[in-house]
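Student: For the sequence shown, our numbering puts the final residue at 125, and the numbers step up evenly by one. Cβ atoms here follow ideal geometry from the backbone N, Cα and C, with glycine treated the same way. Dumping the structure here so I can ask a few things about it.
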Amino acid sequence: MMLPLMFLSSRQKKQQQKQRALVDQLGVGDEVRTHSGFYGLIVDSFDDVVVLESEDGSQSKWARQAIAMGVDPVSDESEGDAAAQDDAAQDDTAQDDTAEETSGSSIPGVTVTDESEDRRDR
């Protein structure tokens, strides 16, 4: 009964040591993701605290233990793919906007038919 418990305990310790080593290797200029899902760039580092900067330039303090992993910076090639996807999404949005204008809907993204207006009057 104690053997499986000891095996699990030693496994957890190894995982914790591995995570601690990963976090200790990260320094200023590294992009990271926290356990809560926040992505940021390390702009300042102390013993137990790091200062992370988000994409909009705001900075916040985080405990080092909150860092889940380092993130690889986005390469130029993948940025180009993302830009192409953004352009395609904007084209789709423009088509949706023209469809809404012709339907006479006053709320963007909501299509109201005459039948639904009749149901509200009841």
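What would DSSP say about VAL31, mapped onto helix, strand or coil?
Tutor: Of the three classes helix, strand and coil, the one that applies to VAL31 here is coil, per DSSP.
Student: Which residues does DSSP list as the beta-bridge partners of ASP47?
Tutor: Looking at the DSSP assignment, ASP47 forms a beta bridge with VAL54.
Student: Quick check on LEU11: buried or exposed, where buried means 16 or more other Cβ atoms within 10 Å of its Cβ?
Tutor: Exposed, by the Cβ-count rule.
Student: Return yes when the Cβ of VAL31 is within less than 8 Å of the Cβ of ILE70, no when it is not.
Tutor: Not in contact: ILE70 and VAL31 (Cβ atoms no closer than 8 Å).
Student: Taking 7 Å as the limit between beta carbons, can you name the residues of its chain near ASP33, skipping five residues before and five after?
Tutor: Excluding residues within five positions, the ones whose Cβ falls inside 7 Å are ILE45 and GLY73.
Student: Quick check: the Cα distance between GLU58 and GLY43, rounded to an integer number of angstroms?
Tutor: Their backbone Cα atoms lie some 7 Å apart in a straight line.
Student: Put SER63 into one of helix, strand or coil per three-state DSSP.
Tutor: SER63: strand per DSSP, three-state reduction.
Student: Can you tell me the Cβ-Cβ gap for VAL52 and ARG67, rounded? I've got them flagged as a contact below 8 Å.
Tutor: Rounded, the Cβ-Cβ distance is 7 Å, consistent with contact.
Student: ARG14 to PRO7, Cα distance in whole Å?
Tutor: Whole-angstrom Cα-Cα distance: 11 Å.
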